[in-house]
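Enquirer:
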Amino acid sequence: MLSENLKNLRKIKGITQEELAIRLNVVRQTISKWEKGLSVPDADTLIKLADFFEVSVSELLGSTVEKEVDSNIIADQLSRINEQLAAKNRRSHRIWKTIGIIFVTFIVVNILIVILGTISFYSFKSDKTTTLTTESEIITNEEE
Numbered sequence: 258m259l260s261e262n263l264k265n266l267r268k269i270k271g272i273t274q275e276e277l278a279i280r281l282n283v284v285r286q287t288i289s290k291w292e293k294g295l296s297v298p299d300a301d302t303l304i305k306l307a308d309f310f311e312v313s314v315s316e317l318l319g320s321t322v323e324k325e326v327d328s329n330i331i332a333d334q335l336s337r338i339n340e341q342l343a344a345k346n347r348r349s350h351r352i353w354k355t356i357g358i359i360f361v362t363f364i365v366v367n368i369l370i371v372i373l374g375t376i377s378f379y380s381f382k383s384d385k386t387t388t389l390t391t392e393s394e395i396i397t398n399e400e401e
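In this text, residue positions in the sequence shown follow the working numbering: the first is 258, and each later residue adds one.
(1) Determine the direct distance from the alpha carbon of HIS350 to that of LEU263, and round the result to whole angstroms.
(2) Count the CB pairs spanning the region 273-284 and the region 297-311 that are closer than 8 angstroms, and state whether there are at least three.
(3) Roughly how many angstroms separate the alpha carbons of ALA343 and THR375, rounded to a whole number?
(4) Take LYS305 and list the residues in its own chain whose beta-carbon comes closer than 7 angstroms to its own, dropping the five residues that flank it on each side.
(5) What does the Cβ neighbour count give for ILE356, buried or exposed, with the cut at 16 atoms within 10 Å?
(6) Are there 16 or more other CB atoms within 10 angstroms of the CB of TRP353, so buried, or fewer, so exposed?
(7) Relative to the C-alpha of SER313, which residue among ARG285, LEU266, ASN346 and PHE363 is closest?
(8) As a quick exercise: from ILE338, ASN329 and LEU303, pick the residue whose alpha carbon is nearest that of ILE269.
(9) Pick from GLU261, GLY271 and LEU259: whose alpha carbon is nearest that of LEU335?
(10) Let me check understanding here. Comparing Cα to Cα, which of LEU259, LYS345 and SER380 lies closest to GLY294?
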């Protein structure tokens, strides 16, 4: 009875075994064992479960709780999942946009470095040639 009631109440609430385990400070496998009837919670945990599911301990241990399928609950769950997926997509889009901006910036900076390096190289080469020509003219002029 407890195993069926626990599983049905959890599904009615729309939470996973992991979420219930976190709320009760136990591991997910413990919830699974309770739902399979392989073990039972202690008295304090039974009280916490009853409070969480808003039922009495005797109801939790007693007659079977019928599984309710309410379209509003399903709609709320789908809405929550949809919001989570939308948030994930927005984060993913922002990450790719940032990576793209960084990549384009890197390419532009490298192109500018190449252009400035080329200009500096030819400017330096031109200055050196002019200086050498001028010095050779001086040497030629002194010999005359």
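From the three backbone atoms N, C-alpha and C, an ideal C-beta is built for every residue, glycine too.
Small disclaimer: the values here were computed from a predicted structure and weren't measured.
Expert: Taking the structure as given:
(1) 40 angstroms
(2) yes
(3) 48 angstroms
(4) LEU281
(5) exposed
(6) exposed
(7) LEU266
(8) ASN329
(9) GLY271
(10) LEU259
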